[in-house]
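Step one of this worksheet: look at the structure below.
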Amino acid sequence: MTAPGGARLTAKGRRIWALVRKEGRQVVRDPSSFAIGVVLPLMLILLFGYAMSLDVKHVPIALVIEDRSTEAAEIAASFQLSPYFDVHRAGSTIEAREMMLAQKVDGIVDVPADFTRRAANGDASVQILVHGVDGNRARIIEAYAAAAVAQTNARRAAEGEAGGPGGGRAVVESQLWFNAANDTRYFLVPGLIVLIITLIGAFMTSMVVAREWERGTFEALFVSPVRTDEILIGKTIPYFLLGMGGLALCMLSARYLFDVPFRGSLLTLIGASMLYLLVSVATGLLISSTFKSQFLSSQVTLVATFMPALMLSGFIYDLHSVPTAVRLISYGVPARYYVSLLQTLFLAGDVWSVVLPNAAVLAVVAAVMLGLTRRATRKQLG
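Each step along the sequence shown adds one to the number in full-length UniProt numbering, with nothing skipped, and position 105 is 105.
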């Protein structure tokens, strides 16, 4: 015979088990629970694990050899054999500088024509020109270059002690391009502007429109004479103007509070920013129209826009050092192209070989996202 206390515990256990089964079935039926509990952690661990790399490897550099001597060839070999550099040969310093302007390389190594003669006198130098937009990364590249030259010096010194054709030591003369002050704000502020525009354009838009879906006010538009295109334009313009206002405040702060130079055209900046803001607003509208929930829209927007803009745009982490698969994924992140545009406009000016391709990609993405948004928000009751 069961004691009264035991009977109460058994009944309580059955009730709890019934509730657990009910909630379990609800979790299985609700795809958002699976997405947040399984898909989101998996995406975050993969994103953080592969993209969060502060190592600087496979730095693309242009190698200019103006001296055809054996000593100069040894210097060239020290860079070509280094695991930290991907060497691209350039015929002249002019060609190498054009490669750096086009963001094909992050540094230039120049062995001058008088290298052998000066080596005999003990005052040979190797000139290193580093893209200084990221001050921390530039210092690491300078250290790698100095280590490569030091290896050659040590090898030649050992050969000299053994009776070989040693020679004088070479020193490194380095210079930072675009950021002679080596100020990290030159690198961080343009990237922060990208994150802010992403938040205004995508995150806020998705939250506000999702709230309207939850309250039913968005559906009320479907029984009005308003067309789908008119709904989209009406929803886009306020947040687009708000984003442009945020951009203006960011630009004023960057220039007058943080003393970040701006060397490009203001019209070019406005045009590029309008394209990226259209991408962000359209993404927010698409997410909110698809999920119609503030909570789920906020999570999806965070993972789909803000996190990639932070980690896969080249803003903080060097994309040359991440695995190839992650680098390929980064080409699908619109923020990557906007970061490249802003950093170029701020520090180098209107380099059209960089501006035009990146702006063209943003224009295509904006058109695609607006088309998808129109299709997802077509005039029907979900």
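Note that CB positions come from ideal geometry on N, CA and C, so glycine has one too. This structure is a prediction, so every number in the text was calculated from the model and none was measured.
Check: Does Phe295 pass the burial test, meaning 16 or more other C-beta atoms within 10 Å, or should it be called exposed?; Outcome: exposed
Check: Using only the alpha-carbon positions, how far apart do Arg118 and Leu275 sit?; Outcome: 52 Å
Check: Name the DSSP beta bridge partners of Glu173, please?; Outcome: Gln127
Check: Should Ala366 go down as buried or exposed, given a rule of 16 or more other Cβ atoms within 10 Å for buried?; Outcome: buried
Check: Tell whether a beta-carbon distance below 8 Å holds between Phe203 and Thr305.; Outcome: yes
Check: Please return the same chain residues whose Cβ sits closer than 7 Å to the Cβ of Gln127, not counting the five positions on each side in sequence.; Outcome: Asp110, Pro112 and Glu173
Check: With a Cβ-Cβ cutoff of 8 Å, do Met207 and Thr283 count as a contact?; Outcome: no
Check: Apply the 10 Å Cβ neighbour rule to Thr184 and answer buried if 16 or more other Cβ atoms are within range, or exposed otherwise.; Outcome: exposed
Check: For a test of the three-state rule: what should DSSP assign to Asp350, helix, strand or coil?; Outcome: coil
Check: Are the CB atoms of Val194 and Ser297 within a distance shorter than 8 Å?; Outcome: no
Check: Span of the alpha helix (DSSP H) holding Leu328?; Outcome: Thr324 to Ser330
Check: In whole angstroms, give me the CA-to-CA distance for Pro238 and Leu278.; Outcome: 12 Å
Check: With respect to the alpha helix (DSSP H) encompassing Ala304, which residues constitute its N-terminal and C-terminal limits?; Outcome: That residue, Ala304, is in no alpha helix (DSSP H); it is neither H nor E in DSSP.
Check: Is it the case that the Cβ atoms of Leu347 and Tyr144 are separated by a distance below 8 Å?; Outcome: no
Check: Using the Cα positions of Gly164 and Pro323, report the straight-line distance between them to the nearest angstrom.; Outcome: With a pLDDT of only 44 at Gly164, under 50, the local geometry of the prediction cannot be trusted, and no value is derived from it.
Check: State the start and end residues of the unbroken beta strand (DSSP E) segment that holds Ile193.; Outcome: Here Ile193 belongs to no beta strand (DSSP E); instead the alpha helix (DSSP H) covers Arg185 to Thr198.
Check: Using a threshold of 8 Å, state whether the C-beta atoms of Val64 and Ala96 are closer than that.; Outcome: yes
Check: For Glu161, which of helix, strand or coil comes out of DSSP?; Outcome: Model confidence at Glu161 stands at a pLDDT of 44, short of 50, so the residue's coordinates are unreliable; what they give is reported in the following sentence. Three-state DSSP puts Glu161 in a helix.
Check: Between Val56, Leu81 and Met100, which lies nearest to Ala62 when the distance is taken from Cα to Cα?; Outcome: Met100
Check: Beta-carbon within less than 8 Å of Ala73's beta-carbon, same chain only, minus the 5 sequence neighbours each way: which residues are those?; Outcome: Ile65
Check: Roughly how many whole angstroms lie between the Cα atoms of Lys57 and Tyr337?; Outcome: 21 Å
Check: Straight-line CA distance for Gly349 to Ser340?; Outcome: 12 Å
Check: Excluding the 5 residues flanking Arg327 on each side, which residues of the same chain have their C-beta closer than 6 Å to its C-beta?; Outcome: Leu319
Check: Curious, which full-length beta strand (DSSP E) runs of at least 3 residues does the region 61-130 contain?; Outcome: 85-89 and 107-111
Check: Between the beta-carbon of Ala120 and the beta-carbon of Val149, is there less than 8 Å?; Outcome: no
Check: So Met251 is in the alpha helix (DSSP H); what residue range does that whole segment cover?; Outcome: Thr228 to Tyr256
Check: The ligand FMN and Arg185: does the residue's C-beta get closer than 7 Å to at least one heavy atom of that ligand?; Outcome: Among the ligands in the structure shown, none appear at all, so the ligand FMN cannot be discussed.
Check: For Ile94, count neighbouring C-beta atoms within 10 Å of its own C-beta (all shown protein chains included) and say buried if the count is 16 or more, exposed if not.; Outcome: exposed
Check: Determine whether the beta carbon atoms of Ala254 and Val189 lie at a separation below 8 Å.; Outcome: yes
Check: Pull up the distance between the alpha-carbon of Ser321 and that of Asp106, whole angstroms please.; Outcome: 13 Å
Check: From this set, Leu342, Pro334, Val260 and Tyr84, which residue's C-alpha is nearest Glu267's C-alpha?; Outcome: It should be pointed out that residue 267 corresponds to Leu in this sequence rather than to Glu. Nearest C-alpha to Leu267: Leu342.
Check: What whole-angstrom Cβ distance do Gly246 and Ile287 have, given they're in contact under 8 Å?; Outcome: In fact, because the Cβ distance is near 20 Å, the residues do not count as touching under 8 Å.
Check: If you follow the alpha helix (DSSP H) that Ala316 is part of, which residue opens it and which one closes it?; Outcome: Ala is not the amino acid found at residue 316; the sequence shown has Ile there. Premise fails: Ile316 is in no alpha helix (DSSP H) and is neither H nor E.
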